[in-house]
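Contents: one structure, followed by commentary.
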Amino acid sequence: MVTFLPARPGRLADVPSFDRTIGGAESNVACALAAFGHTARWIGRVGTDGFGDHLVERIAGYGVDVTAVRRDPARPTGVYFRTAGDRGTGAHEVAYYRAGSAASAMSVTGVDLTAARAARVLHLTGITAALSAGCRTLLHTLTAPVPGRPLVSFDVNHRPALWADDEGPRVLLDLARRADVVFVGADEAEQAWGVTGGPEAVRRLLPEPNVLVVKEGARGATAFAAGSRASGAAPVPEEGGTPSAPGRAAGPRPTAAPSAFEPALHAAVVATTGAGDAFAAGFLSATLRGLPLRTRLRHGHLFAAAALATPGDLAPPPARDHADRLAALGDDAWGRLRLGPGWTQAEQAHEEANTP
């Protein structure tokens, strides 16, 4: 979607002007991964209007492959407006204009399924499932447990305002159980499924995913890992490797630890919108690189900290060398780490200044 951010704090009714930017859970993840040096493709559907042009150009500007994006001449590009506050405050307002949008017309026949299945990791979210019945069927098809499918990552992203019926929790639970890597907030799990009792209770509800990441906001995040699941999903090789051949069932995937917890960083917070997408991008980046479970969580936290320091939905992640150095800190040093506004740019400027 095209996102409109208020020029100053206040109610939507009172804000006189807005700044245009881009937003969208899946495209946010793709942009962050591409900016970090991975090969990423975004598959979506936008209108043939100027907003669609803006989205495609901006996403491509991050280095994302947009050749599989389809343009819809009959439907507009979705837009939304939001206030400057965070979602967690009562003053926060979001106005979605997505009904009848080009994205809501995505379907099994309206998306390049071959391009989607050609990836090492296919990242999906519950927001897409909420857009229409066709979108739900599309996600159900892409998460089907067939041999040779890519590793499927699913961010629950429960947004009650987007669902036209009360089927959201059931649909999201079904999709999560069919995925290989699942991201969900503890608050989301309670709101959608009535789960209380912390990350372990969420794991009891969702034993199927190979990896389940339960986020607890400023406290931190817990990742649970299993050996393998009988979905036929191809294991993700380490960087430079190749995935299993299509149609070949995956063997067991050993993991160094069955679970891990990493506390969140002390970071400057401008707005929380987009931080969850950034966390998913950091975790998936470390997954693609074959890093240990705890390190994957730390990269998630670092990417999220970069997003928290900006007002928009999307922020460039830290440089890879910088992220790796911070992720390798000892537990005490990690706990003492303080990241102020512009910390990613400051590190880049420091490195450039010290380059012969």
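Going by our numbering, the letters in the sequence shown line up with residues -19 to 336, in that order. Backbone N, C-alpha and C fix where the C-beta goes; we use that ideal spot for every residue, glycine too.
Residue i versus residue j: straight-line alpha-carbon distance, rounded
i	j	result
T275	R199	17 Å
R97	G27	24 Å
R62	S(-3)	12 Å
R323	A144	Note on identity: in this sequence residue 323 is Trp, with Arg being the wrong assignment. If I take the Cα positions, the gap works out to 40 Å.
K341	A48	The shown model of the chain, from -19 to 336, leaves out residue 341, and the question about it has no answer.
P149	L186	13 Å
E37	A20	15 Å
P297	P321	13 Å
P223	P130	Legend: pLDDT at P223 = 37, less than 50; position of this residue unreliable, no value from coordinates given.
D293	D146	27 Å
V191	P238	9 Å
T235	T57	Since pLDDT at T235 reaches only 41, below the 50 mark, its modelled position is unreliable, and the value read off the structure follows with that caveat. Near 42 Å, if we compare the C-alpha coordinates of T57 and T235.
Q325	L271	25 Å
R0	A(-13)	10 Å
R157	V175	15 Å
A85	V162	25 Å
R(-9)	E168	25 Å
A230	D52	Its pLDDT being 37, under 50, A230 is placed unreliably in this model, and the coordinates cannot settle the point.
W22	R305	29 Å
A258	G280	7 Å
A113	A255	28 Å
S265	H103	12 Å
H72	A10	26 Å
E180	D311	23 Å
Nearest to residue i (by Cα), restricted to the options the options
i	options	result
L319	V250, A266, D257 and G270	V250
D92	A109, R25, P297 and P56	R25
Q171	N137, A255 and F204	N137
L(-15)	T253, E180, A284 and T121	T253
I107	G197, G310 and G3	G3
D29	A85, S81, T117 and Y60	S81
D160	P56, E188 and H120	E188
Y76	G43, R116 and L111	L111
R50	G43, Y60, V59 and L35	L35
S243	P127, A124, R278 and S265	Checking the sequence shown, residue 243 turns out to be Pro, not Ser. Comparing Cα positions, the closest option is R278.
A295	N8, T121 and P(-11)	N8
P(-11)	V126, P291 and A14	P291
I39	L317, E6 and A289	E6
A79	A12, S265 and L142	L142
T121	V88, A(-7) and S133	V88
A14	A(-7), Y42 and D(-6)	Y42
P140	G177, L119 and V74	V74
D45	G17, H72, R55 and V59	G17
A12	L317, V(-5), A285 and P125	A285
S133	L317, P127, D312 and F263	F263
L118	G128, T94 and P127	T94
P83	D311, R55 and G315	In the sequence under discussion, the amino acid at residue 83 is Ala, which differs from the Pro named in the question. For A83, the nearest C-alpha among the options comes from R55.
Chain D within 8 Å of residue i, Cβ atoms only
i	result
D167	Although the question refers to chain D, the structure presented lacks it and comprises just one protein chain.
As assigned by DSSP and simplified to three states, the class of residue i
i	result
I23	coil
H18	coil
A(-7)	coil
R318	strand
D167	helix
T89	coil
A96	helix
V160	Contrary to the premise, residue 160 reads as Asp rather than Val in this sequence. Of the three classes helix, strand and coil, the one that applies to D160 here is coil, per DSSP.
D411	Look at the range of the chain in this structure, -19 to 336, and you will see that residue 411 is not part of it.
D33	helix
T57	coil
T63	coil
T108	helix
A10	helix
A172	helix
R116	helix
A(-13)	coil
T28	coil
Contact check, residue i vs residue j, beta carbons under 8 Å
i	j	result
V101	F31	no
F337	T202	With the chain represented from -19 up to 336, any question about residue 337 goes unanswered, as that position is not in the structure.
A166	V151	no
D135	T105	yes
V299	L282	First, the residue type needs correcting, since residue 299 is Ala and not Val in the sequence shown. Not in contact: A299 and L282 (Cβ atoms no closer than 8 Å).
L405	A247	Past the boundaries of the shown model lies residue 405; the chain is included only from -19 to 336, so the question cannot be answered.
R116	A124	no
L245	L317	yes
*Just list the alpha helix (DSSP H) runs in the stretch 178 to 207, keeping only unbroken ones of 4 residues or longer that don't cross its boundaries, in chain order.*
Listed in chain order, they are 179 to 185.
*Only counting runs of 3 or more residues, tell me where the beta strand (DSSP E) segments fall wholly within the stretch 230 to 315, in order along the chain.*
Within the stretch 230 to 315, the runs of beta strand (DSSP E) at least 3 residues long that lie entirely inside it are, in chain order, 239 to 243.
*Just list the beta strand (DSSP E) runs in the stretch 123 to 156, keeping only unbroken ones of 3 residues or longer that don't cross its boundaries, in chain order.*
Segments of the beta strand (DSSP E) lying fully in the stretch 123 to 156: 131 to 135.
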